[in-house]
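The structure appears right after this line, and notes come after that.
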Amino acid sequence: MRGGGERMNAHVPEHSQHLVVVGHGMAAVRLVETLVAGGWVERGNRLTVLGDETGPAYNRILLSAVLEGVHDERAITLRDEDWYAAAGVTLRTGARVAEIDRGAREVVLVDRSRVPYDRLVLATGSIPTLPPVRGLVRPDGSLHPTVHAFRSAGDLRGLLAALDDPTRPVRRAVVVGGGLLGLQVARALGARAGRRAVVTEVVEGADHVLSRQLDRAGASILARDLARLGTTVYTGARATRLVASPMPEHAVGVRLDNGHVLATDLVVLTAGGRPATALARGAGLEVRRGIVVDDRLATTDPVVHAIGDCAQHAGRVSGFVGPAWDQAVCLAAHLLAGADGGADGGAGAAPYPGIREVARLRATGLDVAVLGDPEAAAAAGGEVVAVTNPVTRSHRKLVVRDGRIVAAALVGDLARVGLLTQYVERGTVLGPHEPGDLLLPERRTRAAGPADLPDTAEVCACAGVSAGALRACGSLDEVRETTRATTGCGGCSDAVRALLATRTPALTGGNA
Amino acid sequence: MTTTHCPYCSLQCGMTLVREGRALTVEPWATFPVNEGALCRKGWTSTGLRGHRERLTTPLVRDRAADGSRGELRAASWDEALDLVADVLSRVRTVHGADGVAVFGAGGLTNEKAYALGKFARVALGTSQIDYNGRWCMSSAASAGLRALGLDRGLPFPLADVEKADVLVLAGSNLAETAPPAARHLDRLRARGGQVVVVDPRRTPTAERSDLHLAPVPGTDLALALGVLHLVVAAGAVDEAYVAARTTGFDEVRRSVATWWPEQVERVTGIAAAEVRALADLLIGTARAGGRVLVLTARGVEQHSQGSDTVLAWINVALALGMPGREGAGYGCLTGQGNGQGGREHGQKADQLPGYRSIEDPAARAHVAAVWGVDPTSLPGKGRSAYELLDALGRPATDEAPAGPRAMLVLGSNIVVSAPNALHVAERLRSLDLLVVADLVLSETAALADVVLPVTQWAEETGTMTNLEGRVVLRQRAVTPPAGVRTDLEVIAALAERLDAPSTFPTDPEEVFAELGRASAGGPADYAGITYDRIRAEHGVFWPCPAPYADGTPHPGTPRLFADRFGHADGRARFLVTTFRGAAEQPCDDYPLHLTTGRVLGQYQSGAQTRRVKDLPDTGPFVELHPLLARRLGTADGEVLTVRTRRGSMRAPARVVETIRPDTVFVPFHWVGANRLTNDALDPASRMPEFKVCAAAVSA
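Those sequence lines, one after another, are chains R and E. Letter by letter, the first sequence follows residues 1 to 512 of the working numbering. Letter by letter, the second sequence follows residues 1 to 700 of the working numbering.
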């Protein structure tokens, strides 16, 4: 199965493999970290990472937090160049791959240089989709100067520069796309730490926001929260054209398909992405929505793998980091096992179990968590247990199948989100009442007040003193002297004072 | 009237023992600073074991038939028992080599006993196979403290400094129940306007007295610490000047937490992202305002297969905020056992010689060998850690491992109750040719022994303990021991004599302490300048306390460490990268719940002492679970449940409480049962077993 031995350097052990990773995003970094920790390089194998962005790898999840000003931009770097050097991994940034020559087992860069591989991993991520809005793209192919994508650190830097440009103050922004990213960006713009907030409007083509994750009931609660926070949402409306601003103090106008024009200084495109599959398609690998992979994350060429946003497993693609990391760790186990065992290609390692998503909106003032895919799970026959309370602005919905919570959507009330995530991810089998009980408010029964305690109840744990013994005392000094209550950890002091204060007159009579 | 210290936990509360006629009662010792006269009910009732009908006063010997089958224990004379032990140990050593004999000590032994036991193992037996139950106590914190700070002393400051903190984070500590008098400091801290944070899967009495309580899934504490550091870095709240001047290694740690954003922490730990942010905001705000942040860890986060990593990650948080070395700030470990601190400093740990010296350091070996009057080359090397030692007992050699010991001497430990995977450990103990246990009563472990040696208890003997602060205190003999018992020091000396050991084995504790001082001189835990008289005069002395200066001025001892430099040669603390792996055993369809274990106020450790004190509540074990889980299982408070894990099962009544995570059950470990369930997966650095989490099934 292993090929290309004749290209190896003489000093490299015969079993050595050269693994090339195309992409330098979060899936690629997790794969490399796991391979390095598992001894891939130590065992004489080589590892090369080709990234088309020029900077170090960073945590894409945190870009909106940097935009909001609550996260130091320097602190999103995942691994710097020194780490790769120390780990014995070759990192080539700014290296754009033009094509894959599967016959020769070589990757061809745009400068026509070639990188040979024994195994190849495509972690090419996704490409932001440009919505069909006329005027977005100028004749030279560049975006209109007020228009920004929001996918990469470069996009973020451009957006921050525009926001901080004193010559063109940004007072209004339009976010195209009401999905997770769109809402995060809208809230980040509206809540920028230490800066003047930007009045932000969101345009969403579907009839409600977060249409992939939420039903209408949940989305309507969310939309009201957004309105309360000053973000207007236009649903069922598509941006069709960039036009001149109807108001002179703003830079541009966004015409909607209902004829309305939104005056704005900035347009941010967050209308989703699609798997970056061009390389795979060009190399003749099977591609549907994403690059099709099997349970070992191998494409139709067994020495070529795909992980992360670009991959399609069991008919599904994911745009979330959780599945991307799971895939990276799973593939690393296969590669390490394959490097040990040779021919089986790591068949001994556990197969990839499939995509499990947890979508958590990182947006100040908005509480939304979506576990799995509640809409699809409900459509597939799952039993729905839901509580919607428009008065308290909360919506919680659990989709249950065979006693397990397979998906959940929580809006406005994240009580028990941690526990529900555990139940969904671990597939815990619950009792028949439990999904309903989980949606009830968490009760915290207060212990009975000291006055109500029976004489036998222990009040001071340190000295083992009962309420009755304390009631027999006339004063705090007497309590200390005769029972030693309150003298240990001191935790019962309040209860003892309360007990003394509520003694019946008949008992206190003589001492009062 | 005798001033002394409580027989139980690491606070070593001062107390006065008063004799009136035959009665011995406990009275406060108000001027001793650690507890200021306060005690918990264990301390108040600590004389309750005196004159107990189960007290052993004669050695017991179990005869074996020719086919090796075991008879009943019978009374024997000391000479018969000691001759038998010495005879079998010599034979085992001849047939199986010196490592055929093992020694198992305890964190409850005085410094003198721990020292003498380590010396006995290395000199009289020549075995490397010595370790102790302290390995199951704070070894994860010890390992992390050594690596990060260059020195391991539980608290690098007096306990009362806790009150000076503005924010105190208690990671995995329930001190209001496990060390109640220490909880007074929490109340004073809060009365001053400070805040207390408790991290514990249960809302314990300690958590009830906190300002913020986070309840992680058992086994995920490391992820929380990584997430807190992530937010500190994200907020630009790192004390860069401190990091540059006093530490190394931060850059790689800074990068390593970039993947631990709050929602990711929520997914792993089950703690809502908002609560993770609340904790980080509290620490960041306090540090920015020039306030003091103090992190204290305890068994809750340490007794895991990633326990030492979790401690390292919390130390990283404290260092990033610029706290260690400031008064009332930094990092410390709340040691558990009475002499958990001193017990790990004087040579009963597999890799150590007295003075917290490494047994693999040639200079340390030469120094200690000179004090002992033996050839340094005669000292064995590093042996197995506690659990690995027990797991190896009676095993033949394999391709991977040499043969395990065939005989073992146990002092001060009730292994079959306190070891993880206890059914397996009991089976290993039964495979021995000879098991010798020295104890006060016929503990569950003594009941398996071939020879049981009755020894003195606490108020009947004198010796030093080193409490959780690194303060060396003196327990003083208050009463005459019953006829027929001997001190551990006398037992060690008698066996050494029968084994023709080189060197000497004095039985007077003060004499042993003086020798310990010489052996520790120049080591990290230097006791050379400490004497019994000084301890009496000064309410204890903090190590390091080297010998008096050349002009005769005594060294004052060291209440506070790290003010100017850390323990590493370059004086800097180390930031160390940790990677979250999670608990060794995760819930599955067959074992769907997390099981965690811990203590209750009225009992101590394996309960060998406290279960026999009639004034302490002996409730028996119970299974704490949440009402949601109780309804799932169709059970109710008080009904008997069966808890099963891959290693064993137990039955105990349900205690339905709202103070525990619904995905977790809790069982106290003072009774037989809990440790039949626990997992023996070990922390790779500290060799700490994963007592605090495994996968379990519970049924009505």
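In this text, a Cβ means the ideal position worked out from N, Cα and C, and glycines have one as well.
Restricting to Cα atoms, I'd like to know which of the options is closest to residue i.
i, options, result
"Pro205(E)", "Leu175(E), Arg365(E), Arg430(E)", "Leu175(E)"
"Thr421(R)", "Pro432(R), Gly412(R), Arg404(R)", "Arg404(R)"
"Glu469(E)", "Gly342(E), Val455(E), Leu595(E), Arg477(E)", "Gly342(E)"
"Tyr84(R)", "Leu414(R), Gly272(R), Ala28(R), Ser245(R)", "Ala28(R)"
"Met138(E)", "Val167(E), Glu112(E), Gly107(E), Tyr115(E)", "Gly107(E)"
"Leu489(E)", "Arg498(E), Leu499(E), Asp508(E), Ala144(E)", "Asp508(E)"
"Val399(R)", "Thr392(R), Arg393(R), Ala407(R)", "Ala407(R)"
"Asp155(R)", "Val170(R), Gly179(R), Ile127(R), Arg171(R)", "Ile127(R)"
Looking at residue j and residue i, is the spacing between their C-beta atoms short of 8 Å?
i, j, result
"Arg255(E)", "Asp72(R)", "no"
"Ala681(E)", "Ser305(E)", "yes"
"Ala239(R)", "Gly253(R)", "no"
"Thr483(R)", "Cys492(R)", "no"
"Thr645(E)", "Leu601(E)", "no"
"Val701(E)", "Leu434(E)", "The structure shown has nothing for residue 701(E), since chain E only spans 1 to 700."
"Gly394(E)", "Leu432(E)", "yes"
"Thr93(R)", "Glu53(R)", "yes"
"His305(R)", "Ala298(R)", "yes"
"Val657(E)", "Glu690(E)", "no"
"Val232(E)", "Ala280(E)", "yes"
"Arg46(R)", "Asp301(R)", "no"
"Gly150(E)", "Gly567(E)", "yes"
"Val693(E)", "Pro218(E)", "yes"
"Val441(E)", "Val491(E)", "no"
"Ile315(E)", "Ala235(E)", "no"
Quick one: using the 10 Å Cβ neighbour count with 16 as the cut-off for buried, is residue i buried or exposed?
i, result
"Glu481(R)", "exposed"
"Arg611(E)", "buried"
"Phe562(E)", "buried"
"Gln586(E)", "exposed"
"Ser113(R)", "exposed"
"Arg406(E)", "buried"
"Gly340(E)", "buried"
"Ala573(E)", "buried"
"His260(R)", "exposed"
"Asn511(R)", "The predicted position of Asn511(R) is uncertain, since its pLDDT is 42 and thus under 50; no value can be drawn from it."
"Pro548(E)", "exposed"
"Val176(R)", "buried"
"Pro169(R)", "exposed"
"Ala328(R)", "buried"
"Asn111(E)", "buried"
"Leu125(E)", "buried"
Quick one: what's residue i bridged to in DSSP?
i, result
"Pro169(R)", "Answer is none; Pro169(R) lacks a bridge partner."
"Arg46(R)", "His18(R)"
"Tyr591(E)", "Note: Tyr591(E) sits in no beta bridge, so no partner."
"Arg134(R)", "Arg241(R)"
"Val462(R)", "The question names Val, yet the displayed sequence has Cys at residue 462(R). Looking at the DSSP assignment, Cys462(R) forms no beta bridge with any residue, so it has no partner."
By Cβ distance, which residues of its chain are closer than 6 Å to residue i, with the 5 residues on each side in sequence left out?
i, result
"Glu510(E)", "Tyr532"
"Pro544(E)", "Asp526, Thr558"
"Pro7(E)", "Ser46, Trp458"
"His208(R)", "Arg216, Ala219, Thr235"
"Gly205(R)", "Arg238"
"Gly322(E)", "Asp239, Tyr242"
"Tyr356(E)", "Glu345, Gly523, Pro524, Ala525"
"Val85(E)", "Val436, Val451"
"Ala76(E)", "Pro59, Val61"
Report all residues from its chain with a CB closer than 8 Å to the CB of residue i; omit the five preceding and five following residues, and keep chain order.
i, result
"Gly3(R)", "Note that Gly3(R) has pLDDT 41, beneath the 50 cutoff, so the model's placement of it is unreliable and no number is given."
"Leu499(R)", "Pro450, Ala451, Leu453, Val459, Ala467, Leu470, Arg471"
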